[in-house]
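Heads up: the protein sequence lines correspond to chains A and B, in order.
Going by this note's numbering, the letters in the first sequence line up with residues 1 to 228, in that order.
Going by this note's numbering, the letters in the second sequence line up with residues 1001 to 1242, in that order.
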Amino acid sequence: MYLLEAQYLYQMLGGMVTTIQLFIVSWVLAFSVALTLVVIRATEWSVARWLVDAYVEYHRNVPLLVHVLFWYFGMPELLPESVRGWLYQHNAEMSLAAIALGLGAAAYIAEDIRSGLRAIPDTQFEAARAMGANYLQGMRYVIIPQALRHAVPALIGRALLLFKNTSVTMAIGVAELTYQAREIENDTYRTFATYGAATAMYLAGAFLIMFIGARIHAYYAISGGRNA
Amino acid sequence: MIKMEKVSKWFGQHQVLNDIDLSLNKGEVVVICGPSGSGKSTLIRTINRLESIQGGRIEVDGEDVYAGHMNVNSLRQKIGFVFQQFNLFPHMTVLDNVMFGLVNIQKRSKKESMERARSLLDRVGLLEKINAYPGALSGGQQQRVAIARALAQQPPVMLFDEPTSALDPEMVGEVLQVMKELAKEGMTMVCVTHEMGFAREVADRVVFMDAGQIQEIADPETFFTSPQHPRAQRFLSDVHIR
């Protein structure tokens, strides 16, 4: 069984590790950006709302592959020569891929959290404000925690999508799982076995994400329901 | 403690508060009653700026509530507010609900906050529910938690906006009991309520509102035995028939 040959096994596992790293970094980035977008979007300030809407629409309407290519080939042109040189010598494809994936996913995650937000009655915010909480305290302690609980099922779906979409970054040479699978296939011509193994690894990762998501969902479920 | 002078408010063309004058001394309990739509809830919501006003002046504890430099958040920490629908935070335990203002707004230590929250929950008779979530409590219990939560930051003034109107009849008593004890301890209170028995027992004055105006202010004895305003007479006879 050639895949058990140390060389290919390590190559495949190395790809999986890169995929997982890329997924985690871009998820954390996406989640932070999404939360920021939601908090800005919830203000009454129309310019901020317009900017957030523009951000979301841009990312929802540009193909992910184009977005990744743009960040890798296009964006660095705006940087000064020295910074660009440094970047390309320091794993630029990995960090730019994480940024591209993260920013794109943030647009969708922000929309999911915003749907959760709409499920929270205004009186919750009013109750927090009536106690003397300022806008950010009300959002942080009262509104966002409840909105996230409502959004968990949708967020699990987004996490899966983001995990699978990491494969797009092979186009800019990120040595993730799909990239490594293709390398092995080029070496060995064993197409079915190689992509079969990659498929199994993606499935295993996806099941793990679903399992963790279900645990989070159960742990954070609001006891006694919303009738408060 | 609270002073309202010529307070007016409009919703569009409709005037919901019309030249309201009302003052409360420290320790006084005032009950506001009147038919629905008369502006009672709007009135108490202007005191902590949950509603804005277009005319007049409101002072709480000597400070102009609507002054430009007024920090609305520190003002509200001095005014406990109890809602008709309780509005507890469903994702927090009873204890965390009561600790919320102390820990997250006033940034007090967990230990100090927990001691105070426990003693307040003991006072409203819910110490054994400390780790329960609001969704697992009855309406009456939720409202008692909400009162404890409003008391946590030790406000000198408490406002109650129809605190028993959303409750099943058999739970009204337990909430009124807590409010009565509070009144007897000398809390300054403004209560919008239809509970005439409560008004009779603990109010220093009863305010009758109709059509955005205060029609009558009297001590409970006078108000209930010989109301002056015809609208108040009709209101009282309706309430008593019910």
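For every residue, glycine included, the Cβ atom is placed at its ideal position computed from N, Cα and C.
These numbers come from a predicted model, not from an experiment.
Chain B within 8 Å of residue i, Cβ atoms only
i: residue 44 (chain A); result: no
i: residue 132 (chain A); result: yes
i: residue 119 (chain A); result: no
i: residue 141 (chain A); result: yes
Interface partners of residue i on chain B, CB under 8 Å
i: residue 144 (chain A); result: Neighbours of residue 144 (chain A) on chain B: none; closest Cβ ~10 Å, over 8 Å.
Straight-line gap, residue i to residue j (C-alpha atoms, nearest Å)
i: residue 192 (chain A); j: residue 215 (chain A); result: 34 Å
i: residue 102 (chain A); j: residue 25 (chain A); result: 8 Å
i: residue 106 (chain A); j: residue 37 (chain A); result: 8 Å
i: residue 115 (chain A); j: residue 42 (chain A); result: 12 Å
i: residue 1197 (chain B); j: residue 211 (chain A); result: 56 Å
i: residue 1096 (chain B); j: residue 1122 (chain B); result: 15 Å
i: residue 137 (chain A); j: residue 1105 (chain B); result: 7 Å
i: residue 1005 (chain B); j: residue 1055 (chain B); result: 9 Å
i: residue 79 (chain A); j: residue 165 (chain A); result: 27 Å
i: residue 1088 (chain B); j: residue 1098 (chain B); result: 9 Å
i: residue 49 (chain A); j: residue 1138 (chain B); result: 40 Å
i: residue 1029 (chain B); j: residue 1195 (chain B); result: 14 Å
i: residue 143 (chain A); j: residue 118 (chain A); result: 10 Å
i: residue 162 (chain A); j: residue 62 (chain A); result: 15 Å
Chain A contact for residue i (CB, 8 Å cutoff)
i: residue 1091 (chain B); result: yes
i: residue 1056 (chain B); result: no
i: residue 1143 (chain B); result: no
i: residue 1077 (chain B); result: yes
i: residue 1153 (chain B); result: yes
Simplified DSSP assignment, three categories, for residue i
i: residue 1023 (chain B); result: strand
i: residue 1062 (chain B); result: coil
i: residue 267 (chain A); result: Here chain A comprises residues numbered 1 to 228, so residue 267 (chain A) is not present and cannot be evaluated.
i: residue 1057 (chain B); result: strand
i: residue 1001 (chain B); result: coil
i: residue 213 (chain A); result: helix
i: residue 150 (chain A); result: helix
i: residue 32 (chain A); result: helix
i: residue 1049 (chain B); result: coil
i: residue 84 (chain A); result: helix
i: residue 1145 (chain B); result: helix
i: residue 1193 (chain B); result: coil
i: residue 1031 (chain B); result: strand
i: residue 112 (chain A); result: helix
i: residue 1213 (chain B); result: strand
i: residue 184 (chain A); result: helix
i: residue 1161 (chain B); result: strand
i: residue 1110 (chain B); result: helix
i: residue 1242 (chain B); result: At residue 1242 (chain B), the pLDDT of 49 sits below 50, so the modelled position is not reliable; the number obtained from the coordinates is stated separately. Note: residue 1242 (chain B) maps to coil in three-state DSSP.
i: residue 1208 (chain B); result: strand
i: residue 91 (chain A); result: coil
i: residue 1080 (chain B); result: strand
i: residue 1087 (chain B); result: coil
Closer than 7 Å at the beta carbon, the chain B residues around residue i
i: residue 149 (chain A); result: 1091
9 Å Cβ cut-off: residues of chain A touching residue i
i: residue 1140 (chain B); result: Per Cβ cutoff of 9 Å: no residues; residue 1140 (chain B) is ~13 Å from chain A at best.
i: residue 1165 (chain B); result: The contacting residues do not exist; residue 1165 (chain B) stays about 14 Å from chain A at best.
i: residue 1100 (chain B); result: 128, 131, 133, 141, 142
Contact list for residue i against chain A, beta-carbon separation under 7 Å
i: residue 1050 (chain B); result: 126, 130
i: residue 1018 (chain B); result: Residues of chain A passing the Cβ test: none, with the nearest at roughly 25 Å.
i: residue 1105 (chain B); result: 131, 132, 133, 137
Contacts of residue i in chain A (Cβ-Cβ under 8 Å)
i: residue 1074 (chain B); result: 132
Cβ neighbours of residue i in the same chain (closer than 7 Å, five flanking residues each side left out)
i: residue 1174 (chain B); result: 1140, 1144
i: residue 1215 (chain B); result: 1208, 1209, 1229, 1231, 1232
i: residue 1153 (chain B); result: 1077, 1101, 1102, 1106
i: residue 39 (chain A); result: 139
i: residue 100 (chain A); result: 67, 68, 71
Proximal residues of chain B, C-beta to C-beta of residue i below 9 Å
i: residue 123 (chain A); result: 1083, 1085, 1087
Neighbourhood of residue i by C-beta, 6 Å cutoff - its chain only, sequence neighbours within 5 removed
i: residue 1160 (chain B); result: 1082, 1191
i: residue 33 (chain A); result: 106
i: residue 168 (chain A); result: 64, 65, 68
i: residue 29 (chain A); result: 102
i: residue 128 (chain A); result: 138, 142
Contacts around residue i, its chain only, beta-carbon distance under 8 Å, and the 5 residues preceding and following it disregarded
i: residue 1217 (chain B); result: 1022, 1205, 1206, 1207, 1208
i: residue 1049 (chain B); result: 1065, 1066, 1072, 1075, 1076
i: residue 170 (chain A); result: 176, 178, 179, 182
i: residue 20 (chain A); result: 205
i: residue 11 (chain A); result: 180, 183, 184
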